[in-house]
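Read the structure below first, then the notes.
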Amino acid sequence: MNPANSNTNPDRPHYQAVEVYHQAPPPIGSQTVQHVPPQFTNDPANPVASMINTNSSPSKKHINKFLFLIPAVLLLAAIFLAAFLASRLSQTKKTPLSSPIPTPTLIPSTPAPTPVPIIRNKSYQNQNHNFYFNYPETYRYFECQNTIKIYSKDTLINEDEIICNNLPLGIVEITYATKPLEYQENPSDEISESLVKIDGLDEVIAKTINKKIIYLNFDNQNIYYLIVLNSIEQKSLFDQILKSFKFIEVVTDEWQTYTNTSVGFKFQYPPDWITTASANINQILVKPEKTSSQSSLTIEAQGNIAEVELTASEVVNSTKNLPGWKKTPSVDIQSVDKGTAQILQGQLGNIWQIFAAIWYKNRLIQLIWQDSLDQANQQTFGNILSTFEFLD
Numbered sequence: 011m012n013p014a015n016s017n018t019n020p021d022r023p024h025y026q027a028v029e030v031y032h033q034a035p036p037p038i039g040s041q042t043v044q045h046v047p048p049q050f051t052n053d054p055a056n057p058v059a060s061m062i063n064t065n066s067s068p069s070k071k072h073i074n075k076f077l078f079l080i081p082a083v084l085l086l087a088a089i090f091l092a093a094f095l096a097s098r099l100s101q102t103k104k105t106p107l108s109s110p111i112p113t114p115t116l117i118p119s120t121p122a123p124t125p126v127p128i129i130r131n132k133s134y135q136n137q138n139h140n141f142y143f144n145y146p147e148t149y150r151y152f153e154c155q156n157t158i159k160i161y162s163k164d165t166l167i168n169e170d171e172i173i174c175n176n177l178p179l180g181i182v183e184i185t186y187a188t189k190p191l192e193y194q195e196n197p198s199d200e201i202s203e204s205l206v207k208i209d210g211l212d213e214v215i216a217k218t219i220n221k222k223i224i225y226l227n228f229d230n231q232n233i234y235y236l237i238v239l240n241s242i243e244q245k246s247l248f249d250q251i252l253k254s255f256k257f258i259e260v261v262t263d264e265w266q267t268y269t270n271t272s273v274g275f276k277f278q279y280p281p282d283w284i285t286t287a288s289a290n291i292n293q294i295l296v297k298p299e300k301t302s303s304q305s306s307l308t309i310e311a312q313g314n315i316a317e318v319e320l321t322a323s324e325v326v327n328s329t330k331n332l333p334g335w336k337k338t339p340s341v342d343i344q345s346v347d348k349g350t351a352q353i354l355q356g357q358l359g360n361i362w363q364i365f366a367a368i369w370y371k372n373r374l375i376q377l378i379w380q381d382s383l384d385q386a387n388q389q390t391f392g393n394i395l396s397t398f399e400f401l402d
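In the working numbering, the protein residues as written are 11 to 402.
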């Protein structure tokens, strides 16, 4: 270096011009090339040189290596994700999707349905005019002055104080007589007609009045009938009665006749039955000649009773309240010849018993029928009662 050729920069006193001698490079292969690591200067007099970095620092090498790993990691993650999704798809195809478990919904509890009760039928049988019909046990009837009135059991009627003329209108009313019966129509009534089949008869005309009332009349063996439905809402009851309405043919040509002239009555009984009268002849036992039968009829007759209807009701109530009944029997009222009868029946102890109190004028006739529980001969009792007559 030649000091005379030095070029000093007055603005930068710390910088000096350095003369560098260039020589021709040695031929290739003649010298060994050595790598000289870059040198860093920390000379505070030359801050620019200290800031110059001619090669990468160690931290940058690490960063470069990390950047190199990122694509590899991403590639591995992509491969893993693709394998995982393929595995899930394969498993989904093989295993059916399970239905989600439904969230239980609170449903208000409903009471168990009430069992429908079995409604059995009862039978009305008119022993005097030999006809019968069936009706549901949820109904009952009263019979006064040759008219049978059928009511729901909910209808309040005092059985101990029955007055025929004061009985309310029945749902169905059946009247029978020895002369023709007519229903009173009004000229303004709207009337329609239909045909109804009654046992053994030609088709009978039934008339509907103002879409509220139905009636029909017919006759059989010189007995005339009028059947009226007073409530069209109860037509099912009306239809059941008409469908079950039957005439009873009783042949009594060979029957024997018992006559009581003291009280004034008579009746007939089968030829293979016998009668035994007590000493006062007002108590009669009627039973089959064969002693093996459980059937028997006991008749007790009284005359000259001042208040015969009241006495009959008292006798019926005392019989009804006997402790031996399996079920307290209900009282049915019907006509027997010219008199009125209160009849009750049911299981009393180990037998089937029918009790009837018949009164006419000042006479009271009590009948006690006993039979086996299968009621094998009950029809016989009905036939005997149908022949019962008062002697005026």
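Ideal Cβ placement from N, Cα and C applies to all residues, glycine included.
query                                                                                                                                                                                                   : result
Looking at the secondary structure, which residues open and close the beta strand (DSSP E) in which Gln-312 lies?                                                                                       : 306 to 312
Hey, which unbroken runs of the alpha helix (DSSP H) at 4 residues or more fall wholly within the stretch 169 to 254?                                                                                   : 245 to 254
State the DSSP-derived secondary structure class of Phe-90, mapped to helix, strand or coil.                                                                                                            : helix
Assuming Ile-215 and Phe-143 make a contact with CB atoms under 8 angstroms, what is their CB distance in whole Å?                                                                                      : That pair is no contact at about 19 angstroms.
Which residues in the same chain as Trp-362 place their Cβ atom closer than 6 angstroms to its Cβ, once the five residues preceding and following it in sequence are excluded?                          : Asp-381, Leu-383, Gln-385
Whole angstroms are fine: how far does the CA of Glu-153 sit from the CA of Ile-343?                                                                                                                    : 5 angstroms
Under a Cβ-count criterion, where at least 16 other Cβ atoms within 10 Å of its own Cβ denotes burial, should Asn-395 be classed as buried or exposed?                                                  : Reading the sequence as shown, one finds Leu at residue 395 and not Asn. Flag for Leu-395 reads buried.
Could you check the C-alpha separation between Ile-309 and Asn-227 for me, to the nearest Å?                                                                                                            : 36 angstroms
In whole angstroms, what is the alpha-carbon distance linking Glu-213 and Lys-163?                                                                                                                      : 32 angstroms
Since Lys-330 contacts Val-341 with CB under 8 angstroms, what's their CB separation in whole angstroms?                                                                                                : 7 angstroms
Would you list, in sequence order, the uninterrupted alpha helix (DSSP H) runs of no fewer than 4 residues that lie entirely inside the stretch 334 to 362?                                             : none
Along the alpha helix (DSSP H) that carries Phe-391, what are the first and last residues, could you check?                                                                                             : 388 to 396
Give the DSSP-derived three-state secondary structure of Thr-301 in the structure shown.                                                                                                                : coil
Look up Ser-133 in the DSSP assignment and give the residues it is bridged to.                                                                                                                          : Asn-144
Can you tell me whether DSSP reads Val-273 as helix, strand or coil?                                                                                                                                    : coil
Using only CA atoms, which one of Lys-256, Leu-211, Gly-392, Ala-367 lies nearest to Glu-319?                                                                                                           : Ala-367
Let's see if you can read the secondary structure: which residues bound the alpha helix (DSSP H) around Ser-323?                                                                                        : 318 to 330
Starting from the C-beta of Ile-237, find all residues in its chain whose C-beta is less than 6 angstroms away, skip the five residues before and the five after it, and write them out in chain order. : Ile-184, Leu-226
Which partner residues of Trp-283 appear in the DSSP bridge assignment?                                                                                                                                 : Pro-298
Looking at the structure shown, is Ser-97 part of a helix, part of a strand, or coil, going by DSSP?                                                                                                    : helix
If Phe-141 and Phe-257 are in contact, beta carbons under 8 angstroms, what's the gap, nearest whole angstrom?                                                                                          : 5 angstroms
Taking buried to mean at least 16 other C-beta atoms within 10 Å of its own C-beta, is Val-273 buried or exposed?                                                                                       : buried
Can you find the residues in the same chain that come closer than 7 angstroms, C-beta to C-beta, to Gln-44, ignoring five residues on each side of it along the sequence?                               : Residue confidence for Gln-44 is low, a pLDDT of 48 falling below 50, so the modelled location carries little weight; the figure read from the coordinates is stated next. Here the set comprises nothing.
Starting from Thr-157 and walking both ways along the beta strand (DSSP E), at which residues does that stretch end?                                                                                    : 157 to 162
Verify whether the separation of the beta carbon atoms of Ile-375 and Ala-311 is less than 8 angstroms.                                                                                                 : yes
Exposed or buried, what is Ser-328 when buried is set at 16 or more other beta-carbons lying within 10 Å of its beta-carbon?                                                                            : exposed
Quickly, what does DSSP pair Trp-369 with across the bridge? List them, please.                                                                                                                         : Thr-350, Leu-374
Report the residue from Tyr-161, Ser-305, Gln-194 whose alpha carbon sits nearest the alpha carbon of Leu-247.                                                                                          : Tyr-161
Quick one: give me the first and last residue of the beta strand (DSSP E) that Glu-264 is part of.                                                                                                      : That residue, Glu-264, is in no beta strand (DSSP E); it is neither H nor E in DSSP.
Please report the residue range of the beta strand (DSSP E) in which Glu-153 lies.                                                                                                                      : 149 to 154
Figure out for me which residue from Ile-129, Tyr-279, Glu-259 has the closest Cα to the Cα of Gln-266.                                                                                                 : Tyr-279
Between Ser-288 and the ligand ZN, is there a pair consisting of the residue's CB and a ligand heavy atom that are separated by less than 7 angstroms?                                                  : Absence of the ligand ZN is noted for the structure shown, with no ligands found whatsoever.
Taking C-alpha atoms, which residue in Arg-130, Gln-231, Lys-159 lies nearest to Gly-3?                                                                                                                 : Any question about residue 3 goes unanswered here, given that the chain covers just 11 to 402.
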